[in-house]
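The block underneath contains the structure these notes are about, expressed in structure tokens.
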Amino acid sequence: MGEPFIRVRGLEQKFGEQHVLRGVDLDICGGETLALIGGSGAGKSVLLKHLPGLLQPWKGSVEVDGTDISTLNERELAPFRRKVGIMFQGGALFDSMTVGQNIAFPLRESGEKDEREIARRVSETLEIVRLPGQEQKMPSDLSGGMRKRVALARAVVDRPACVLYDEPHAGLDPITADSIDHLIRDLNEHFGMTSVVVTHEMRSVFHIADRVVFLEKGRIYWSGPAAELKVTRDPVLRPFVDGDSGEPWN
Ligand SMILES: Nc1ncnc2c1ncn2[C@@H]1O[C@H](COP(=O)(O)OP(=O)(O)OP(=O)(O)O)[C@@H](O)[C@H]1O
Ligand SMILES: [Mg+2]
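Structural data, given as structure tokens:
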């Protein structure tokens, strides 16, 4: 593959005395599906938030599509936020807005004013996530799996080149979790979307990932093809793959 779409170099992040990211180097290539795994508190969500510039590096740099975004201001970041969509951990929908308004939000943020065009794209995206015609519902009226799919619709409605999914499977039954995987794969196949998926669901990792990155204590401990992870004998990775990582939800 050619130039990476996202290039992270020497990324460090600190919150007070807590050194959360301790020097992360990572290339994300256009069109690939990368799974980011690791224990709770490893720094996965924090790493993800640097990619659309929602957090600024303490040290190091993040390049998106050839531009170092680590020193840009909010206004300068706007076009990069359009290239890199994010589905936050827990969905994080705006509870006072309808489903339709939630999904329309990124379109309005990027300056779309044509109401008919907005309605058309919201409706089209609801079909992609298999929730056709649900525009008028309130988030509180949806099941957990439906909320996840609305959050996913909001992350992809503006057709970003890259989508970051933070725990899209958490709290879902296996069938609904599979349907999220299908969506991620469909978006990759139909639009060439680059995906970064943070998940504890190893089943999904083996279903969708071209490559896996294992983060531990703010550093990349291991990175390689999913097939290699499956047969690993590494004492840190193996329990994780077997779903015996000591995490309460496994
Ligand atoms: N804005 C913040 N301010 C202070 N500390 C933070 C902030 N964001 C994250 N942290 C801390 O950074 C560490 C890593 O958090 P992060 O959310 O990246 O973990 P994670 O790998 O995503 O874990 P999980 O699998 O539980 O979601 C945690 O100790 C967390 O408390
Ligand atoms: Mg997290």
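Under our numbering, the first residue of the sequence shown carries the number 1387, and numbering increases by one thereafter.
Backbone N, C-alpha and C fix where the C-beta goes; we use that ideal spot for every residue, glycine too.
What you are looking at is a predicted structure, and each value in this text was computed from that prediction instead of being measured.
Return the chain-ordered list of same chain residues with a C-beta closer than 7 Å to the C-beta of S1496, the five sequence neighbours on each side being excluded. R1468, D1544
Suppose contacts are defined by Cβ-Cβ distances below 7 Å. Is I1392 in contact with F1600 by that definition? no
For N1636, three-class secondary structure by DSSP: Note on N1636: pLDDT 43, under 50, position unreliable in the model; no value is reported.
So V1485 and E1521 are supposed to be a Cβ contact under 8 Å. How far apart are they, rounded? The beta-carbon distance between V1485 and E1521, rounded to whole angstroms, is 6 Å. This is short enough to meet the 8 Å contact definition.
Among all residues, which have a Cβ less than 7 Å from at least one non-hydrogen atom of ligand 2, and in what chain order do they fall? K1430, S1431, Q1475, D1552, E1553, V1584
Can you give me the start and stop residues for the beta strand (DSSP E) that M1473 sits inside? 1470-1473
Compute the beta-carbon to beta-carbon distance between R1535 and V1549, rounded to the nearest angstrom, for a pair I have assumed lies under 8 Å. In fact, because the Cβ distance is near 13 Å, the residues do not count as touching under 8 Å.
For a test of your reading of the model: does the CB of G1417 fall under 6 Å from any non-hydrogen atom of ligand 1? Yes or no. Every heavy atom of ligand 1 is 6 Å or more from the Cβ of G1417, so no.
Bridge partner(s) assigned by DSSP for G1610: V1598
Name the DSSP beta bridge partners of L1550, please? I1472, V1582
Return the first residue and the last residue of the beta strand (DSSP E) that H1405 is part of. 1404-1415
Whose CA, out of A1539, L1569, D1564, lies closest to the CA of R1589? Per the Cα distances, D1564.
Can you list the alpha helix (DSSP H) stretches of 4 or more residues lying completely in the stretch 1493-1531, in chain order? 1501-1514
Evaluate E1553 with the Cβ neighbour count: other Cβ atoms within 10 Å of its Cβ, from every protein chain shown; 16 or more gives buried, anything less gives exposed. buried
For the candidate residues V1470, D1620, V1584, A1537, whose alpha-carbon lies nearest to that of D1481? A1537
What residue range does the alpha helix (DSSP H) around I1570 cover? 1560-1577
Closer than 7 Å by C-beta to W1635: which residues in its own chain qualify, once you throw out the five before and the five after it? Chain order, please. At W1635 the pLDDT is 49, less than 50, meaning the model places this residue with poor confidence; the figure from the coordinates comes in the next sentence. Taken in chain order, the residues that qualify are H1586.
Examine ligand 1 and report whether any of its heavy atoms sits within less than 6 Å of the Cβ of A1421. Placement of the Cβ of A1421 at a distance of 6 Å or more from every heavy atom of ligand 1 is found.
Along the chain, where does the alpha helix (DSSP H) that runs through S1431 open and close? 1430-1436
First and last residue of the uninterrupted alpha helix (DSSP H) at R1624: 1623-1627
Measuring CA to CA, which of I1570, E1460, P1546 is closest to H1555? Check the Cα spacing between H1555 and each of I1570, E1460, P1546: the tightest is with I1570.
State buried or exposed for N1488, treating a residue as buried only when at least 16 other CB atoms are found within 10 Å of its CB. buried
Thinking R1597 and E1418 are a contact (beta carbons under 8 Å), I'd like their distance in whole angstroms, please. 6 Å
Pick out whichever of L1458, L1517, A1541 has its Cα sitting closest to the Cα of A1478. Measuring from the Cα of A1478, the nearest candidate turns out to be A1541.
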